[in-house]
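Enquirer: Chains as they are written, first to last, in the UniProt record's numbering: chain A, 1 to 201; chain B, 1 to 201; chain C, 1 to 201; chain D, 1 to 201.
Following this message is one structure expressed as structure tokens.
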């Protein structure tokens, strides 16, 4: 049985989704997947980034460490975990811009049956987490992807806030996660790989 | 200046949304609105209700006390506050069945510019609260209604979980609300009346 | 390799979704699936049905011919095709009421990995077809189901209006379908069975 | 009575949404509004634009003619008409990136009660038009905006495809609109101004 090739693609301004992506990467390795962890290219100009010290710090700490996501990563992957913050109830512009570039792969039918699952964060408990994941999945239907949302398939989902669309967390003013969601992330990755394994062998 | 005529229309199996509806009724009266509090008719057979003691208790306690909602209540109202639980990320069948009966009013254009706002509850923190409100508002677009979602228009929104689509609460296994949302309900009602007042005078 | 057990569950007032369901049934049989065609129980009172001659005619023609859908049909099925009209951008009350009754199966985890796909109809070309399917799929995420949306996986999707969420049709005032969608229905069924076959063997 | 200040903000790669925006501009002027027509800044690199001759032609024809949209335009406006294509069932990355920059205005509460309405286009009849508008409106709830969706408030809505969320059109391979939607655009603008006038006087 071949290993699932899993890309963890994230966007993070101050580190929350990077942390979730790292948990996902670790969980995927433990499941025996071939894993790539890549970050969505930043679109904001440096003067905007510098106005937010936490953003600047995280940007500088990762920009030469984590490879930028490319469309080739999507082509390579059997399964993809996306981890992206909510911006006004939808994915950030950076993430949408990245996804829009998949038009060529889409046209060639190469996105069909990609197994995809997404995670998110927001500042408020009900700050658009559900909406962001659902809006993201709308795009997945266009791709012909198979969505491996967690549903309520494990106690870890309930323990992480019970979001059936994907693991979500809220973050306080200092950037600290308010809930314990690592278990939810790990379960979501395992479920994604389980579903993906049905499509590759 | 005429008073806003406001209908509070709720569905509740075990009492959470009845409580929220009562807060809404009280807040609306304090704002000087003419208020009706009505409950969406129950569709479940008595044998289903009886299998859940809390449901049975609430059903018996309200069925002869709170009038059933009718389509005439929608026709009468300038503004409507809906309070309904989430069922699998969407409104309960009872609520959708009630709303579907507004086809006649819709055909006559009588739902246009009704000012509407909705509240919800679920068992998990991210148990479909956002999704239920957004799915509900989709129907409001068909009606030509004006949606008075709270957005982030008051500190009470942040204090109640920060749901910009409408006040939402989660409920534990014993039916107790896990968060303090009364302030959010009261603000949402005030905002709804403020918006409605622009359409009636 | 076992046959996929596929339930075609539809609600139809004047026959459009019954026709789509019959195409789905036929396509599923040709693919070698074990198929059940069942209709969602009607909730409207007879006096409401009788006000619409086309509704009355279709109701009387099918009520003793097509079995009513039960929760056991969901339990039995590996895969489910839903065909339901849009009502104000969401599923009809009848359909939501039926789905709400799956709470017991949900609690037992028996809805996980059901492979599901949905079709719809409306009177206007953009009368809520997309919204209804997406709102329906929100519920599927709660179930832990696997959504086999058509995406753009076949030319038949483009020829049927290009709805990646599911086949949809618009209907004129006399109840006639305005577009040719049979090919889209047949492709959607085939794709659903293909996906389901990965989960049962 | 003061004039409504209305911004028409569009993104267009090959001209469809520019045409719709121009109709909106003209309709708004006829209604006596103060109007600005501005385009969302392009994010794609020139080498991507040049691969599509129609995109290149439209880009070069408008880049020095139509001013770029800025956040100040949002601040200035009482009402905003957005016209944006669908990209995989959601707004283009360019549009989301623009909207994300409104965080400062949002924080100051300056987006509250902006009256907003959106239009869209896609290549397929059901190619994400509804989804894109609904996903866009999710963001409007975060802003505390008032959404002036057309609903079914005029015969022009039915004649333009009956999309209650906003006027939408499909475009053939040569970039020609397949439906007549100018009347729908003009009605949507009039409705938006009518609603906005209630909030400024």
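Ideal Cβ placement from N, Cα and C applies to all residues, glycine included.
1. Quick one: what's residue 71 of chain A bridged to in DSSP?
2. Report buried or exposed for residue 163 of chain B, applying the criterion of at least 16 other Cβ atoms within 10 angstroms of its Cβ.
3. Please tell me whether residue 187 of chain D has its Cβ less than 8 angstroms away from any Cβ of chain C.
4. So if DSSP puts residue 9 of chain B in a beta bridge, which residue, or which two residues, is it bridged to?
5. Output needed for residue 111 of chain D: all residues of its chain with C-beta closer than 8 angstroms, excluding positions within five of it in sequence on either side, in chain order.
6. Using only alpha-carbon positions, find the residue among D:88, D:139, D:98 and D:18 that is nearest to residue 61 of chain D.
7. What residue ranges within the segment 134-174 of chain A form continuous beta strand (DSSP E) runs of no fewer than 3 residues, ordered along the chain?
8. Helix, strand or coil for residue 120 of chain D, going by three-state DSSP, please let me know.
9. Which whole-angstrom value describes the C-beta separation of residue 41 of chain A and residue 98 of chain A, a residue pair presumed to lie in contact below a C-beta threshold of 8 angstroms?
10. Of all Cβ atoms in chain D, is any one closer than 8 angstroms to the Cβ of residue 158 of chain C?
11. Please list the partners that residue 198 of chain C has in chain A, where partner means a Cβ-to-Cβ separation under 8 angstroms.
12. Residues of the segment 107-123 of chain C with a CB closer than 7 angstroms to any CB of chain D: list them in chain order, please.
13. What residues from chain D crowd round residue 131 of chain C, counting only those whose CB sits closer than 7 angstroms?
14. Check the DSSP bridge columns for residue 115 of chain C and list the partner residues they point to.
15. Below 8 angstroms on the Cβ atoms is my contact criterion, and I expect residue 115 of chain D with residue 195 of chain D to pass it. Report the Cβ-Cβ distance as a whole number of Å.
16. Can you name the start and end residues of the alpha helix (DSSP H) that residue 16 of chain B belongs to?
17. Alpha carbon to alpha carbon, how far is residue 48 of chain A from residue 81 of chain C? Give it in angstroms, no decimals.
18. Taking Cβ-Cβ distances shorter than 7 angstroms, what residues in chain D pair up with residue 87 of chain A?
19. Can you name the residues of chain D whose CB is closer than 8 angstroms to the CB of residue 84 of chain A?
20. In chain C, what lies closer than 8 angstroms to residue 167 of chain A by C-beta?
21. 8 angstroms is my cut-off, CB to CB: does residue 142 of chain D come that close to chain B?
22. Report yes if the CB atom of residue 90 of chain D is closer than 8 angstroms to the CB atom of residue 33 of chain D, and no otherwise.
23. Given that a residue counts as buried once 16 or more other Cβ atoms are within 10 Å of its Cβ, and exposed if not, what is residue 190 of chain B?
24. For my contact list, residue 93 of chain C and residue 100 of chain B are in at a C-beta cut-off of 8 angstroms; report their separation, rounded to the angstrom.
25. At least one CB of chain D closer than 8 angstroms to the CB of residue 161 of chain C: is that the case?
26. Tell whether a beta-carbon distance below 8 angstroms holds between residue 252 of chain D and residue 20 of chain D.
27. Report all residues from its chain with a CB closer than 7 angstroms to the CB of residue 129 of chain C; omit the five preceding and five following residues, and keep chain order.
28. Taking the Cβ atom as the reference point for each residue, do residue 4 of chain C and residue 37 of chain C lie within a distance shorter than 8 angstroms?
29. Around the C-beta of residue 176 of chain A, are 16 or more other C-beta atoms found within 10 angstroms, so that it is buried, or is it exposed?
30. Give me the Cα-Cα distance between residue 13 of chain D and residue 29 of chain A, rounded to the nearest whole angstrom.
31. For a contact defined as C-beta to C-beta under 8 angstroms, what are the partners of residue 67 of chain C on chain B?
32. Return the chain-ordered list of same chain residues with a C-beta closer than 6 angstroms to the C-beta of residue 7 of chain B, the five sequence neighbours on each side being excluded.
33. Contact criterion: CB-CB distance below 8 angstroms. Does residue 59 of chain B meet it with respect to chain D?
34. Could you work out which residues of chain B lie near residue 173 of chain A, taking near to mean beta carbons separated by less than 7 angstroms?
35. If the cut is a Cβ gap below 7 angstroms, which residues of chain D does residue 17 of chain A touch?
Expert: According to the data block:
1. Per DSSP, none; premise fails for residue 71 of chain A.
2. Classification of residue 163 of chain B: buried, given that the 10 Å Cβ count is 16 or more.
3. Chain C contact via Cβ: absent.
4. BP columns for residue 9 of chain B point to B:38 and B:82.
5. Cβ within range, chain order: 74, 102, 105, 143, 144 and 145.
6. When D:88, D:139, D:98 and D:18 are compared, the shortest CA-CA separation from residue 61 of chain D is found for D:18.
7. Qualifying beta strand (DSSP E) stretches, in chain order: 168-170.
8. In the structure shown, residue 120 of chain D sits in a strand (DSSP, three-state: E or B).
9. Right, their Cβ atoms sit about 7 angstroms apart.
10. True, the Cβ-Cβ gap to chain D drops below 8 angstroms.
11. Those within 8 angstroms of residue 198 of chain C in chain A are 198 and 199.
12. Identification of residues in the segment 107-123 of chain C having a C-beta nearer than 7 angstroms to some C-beta of chain D yields an empty set.
13. Here the neighbours are 130 and 134.
14. DSSP, once it has assigned bridges, lists C:79 and C:146 as partnering residue 115 of chain C.
15. With a Cβ gap of about 5 angstroms, residue 115 of chain D and residue 195 of chain D count as contacting.
16. It spans 16-30 - the alpha helix (DSSP H) in which residue 16 of chain B sits, taken as one unbroken run.
17. Residue 81 of chain C and residue 48 of chain A: Cα-Cα distance of roughly 49 angstroms.
18. The answer, in chain order, is 100.
19. Going along chain D, no residue has its Cβ under 8 angstroms from residue 84 of chain A, so there is no contact; the nearest lies around 11 angstroms.
20. Within 8 angstroms Cβ-Cβ: nothing; residue 167 of chain A doesn't reach chain C, min ~13 angstroms.
21. For residue 142 of chain D, the answer is yes, since a Cβ of chain B falls inside 8 angstroms of its Cβ.
22. Contact flag unset, no.
23. So residue 190 of chain B ends up on the buried side.
24. With 8 angstroms as the limit, residue 93 of chain C and residue 100 of chain B qualify as a contact, their Cβ atoms being about 5 angstroms apart.
25. Answer yes: the Cβ-Cβ gap between residue 161 of chain C and chain D drops below 8 angstroms somewhere.
26. Since the first residue shown for chain D is 1 and the last is 201, residue 252 of chain D is missing from the structure and cannot be characterised.
27. Non-local beta-carbon contacts of residue 129 of chain C in its own chain, meaning distances under 7 angstroms to residues more than five positions away in sequence, involve 86, 120, 122, 163 and 168 in chain order.
28. No; because the gap between Cβ atoms is not below 8 angstroms, this pair is not in contact.
29. Taking every protein chain shown into account, the CB of residue 176 of chain A has fewer than 16 other CB atoms within 10 angstroms, so this residue is exposed.
30. Answer to the nearest angstrom: the Cα atoms are 41 angstroms apart.
31. Result: empty, since nearest Cβ-Cβ is about 20 angstroms, beyond 8 angstroms.
32. The answer, listed in chain order, is 36, 73, 77 and 80.
33. Under the 8 angstroms criterion on CB atoms, residue 59 of chain B is classed as non-interfacial with respect to chain D.
34. The contacting residues do not exist; residue 173 of chain A stays about 11 angstroms from chain B at best.
35. Per Cβ cutoff of 7 angstroms: no residues; residue 17 of chain A is ~15 angstroms from chain D at best.
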